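So the structure is just underneath, and the comments pick up after that.
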Amino acid sequence: DINLNSPNKGLLSDAMTDVPVDSAASARTSVPEGLTLAEEEELRSELAKVEEEIGTLRQVLAAKERHCGELKRKLGLTPLDGLKQNLSKSWHDVQVSNAYVKTSEKLGEWNDKVTQSDFYKKTQETLSQAGQKTSQALSNVGSVISRKLGDMSSYSIRHSISMPAMRNSATFKSFEDRVGTIKSRVVGSRENSTDGLHSPSGAGDKPPQDNAPF
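The sequence shown begins at 1 in the UniProt record's numbering and counts up one residue at a time.
As structure tokens, this is what we get:
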């Protein structure tokens, strides 16, 4: 342990600054085991070439991308069109992938098992019967409504036809004659009673009495 309060605390740093440092040795990493110095130099040379090729390819790729953008701009293609193409390509890649194909096959097998099961068949038959019963009930209701409307129409037609015939019948005319006779009698009796009130019998023959004083 280093004691910071020790009077010799500065001697360590002074001693370290006096140690000579070989910059070339520090820059050069240690040779991996199993490689000679010549093999190391050869590998380093090849690494430098590969890195240079990568830089060149990056420049070429950037130039190709710029050229592609210019061609799209001249053709009127927008970034949205490129996105659609990328999505379509990605979806196509998904569809042809092994995972998607296996999943589709598995789902198809499950579908076949479900549709061939007794429970599915019974459920389908029950739903079919319920649908037929509902259709039959609706059809019956429609028939009843149509019949009622037809009866109302026929009754209205018969009523409109029978009224003139009934008015021209002998019974209806006899009934009208009797009503007219009763009405005329009632009106005549009212007129006679009114005349009796205005002019009582013997009132016009007597002279008026002289009530003058003597």
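Ideal Cβ positions, reconstructed from N, Cα and C, are used throughout, including at glycine. Just so you know, these numbers come straight off a predicted model, no measurement behind them.
In the DSSP annotation of this structure, the continuous segment of the alpha helix (DSSP H) that includes Glu-53 starts and ends at 37-75.
Boundaries of the alpha helix (DSSP H) harbouring Ser-104: 98-115, taken from the DSSP string. Counting along the chain, the unbroken alpha helix (DSSP H) around Pro-79 starts and ends at 79-95. Counting only residues of its own chain and dropping the five nearest sequence neighbours on each side, Lys-64 has no CB closer than 6 Å to any other CB.
In the three-state reduction of the DSSP assignment, Ser-139 falls in the helix class, which pools H, G and I. Taking C-alpha positions only, Asp-81 is separated from Thr-115 by approximately 41 Å. Between the C-alpha atoms of Glu-53 and Gln-59 there is a straight-line separation of about 10 Å. The three-state secondary structure of Glu-125, taken from DSSP, is helix. Listed in chain order, the non-local C-beta contacts of Ser-117 below 6 Å within the same chain number zero, local neighbours out to five positions each way being set aside.
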